[in-house]
Amino acid sequence: ITHQDNLGNKGRTEAGDVQVMSAGTGIAHSEYNLEATETRIFQIWIIPNETGLAPSWGAKPFPKGQREGFVTLASGKAGDDQSLRI
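Residues are numbered in our numbering as their position in the sequence shown, beginning at 1, plus a constant of 9.
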């Protein structure tokens, strides 16, 4: 899936990867499949604890070899540069 938004973010998310987008005070975006094969995605919507924050987007690869047999942690503690902020 390829993502593009009005904040200037553009990125490609592959199988097993995670992307996080916070709409915040507003974001316009598109997500599209550039591949010849069908793509399926899993999308989760979370109601934030705080409102009025700036919009944001980020993505992180989780290669199959590194996650096989493990649970992938999508969000961690503040200051953890290995996690994506939700």
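Positions of the beta carbon are idealized from the N, C-alpha and C atoms, including for glycine.
Going by C-alpha distance, which of the options is nearest residue i?
i     : options                    : result
Asn58 : Gly33, Glu47, Pro70        : Gly33
Phe71 : Thr46, Gly61, Val27, Ser65 : Val27
His38 : Ile10, Glu23, Ile55, Ile56 : Ile10
Ile50 : His12, Leu62, Asp90        : His12
Ser31 : Gly88, Leu43, Leu16        : Leu16
Asn18 : Pro64, Glu44, Ala87        : Pro64
Asn90 : Thr22, Lys69, Glu40        : Here the sequence assigns Asp to residue 90, which means Asn is not the residue at that position. Measuring from the Cα of Asp90, the nearest candidate turns out to be Lys69.
Three-state secondary structure (DSSP) at residue i?
i     : result
Gly74 : helix
Trp66 : strand
Glu47 : coil
Skipping 5 residues on each side, what residues in its chain have a beta carbon closer than 6 Å to that of residue i?
i     : result
Gly67 : Val29, Leu93
Could you pull the DSSP bridge partners for residue i from this structure?
i     : result
Thr11 : Arg21, Tyr41
Ser31 : Ser65
In chain order, what residues of the same chain lie with their CB nearer than 8 Å to the CB of residue i, ignoring the 5 residues before and after it?
i     : result
Ile55 : Ile95
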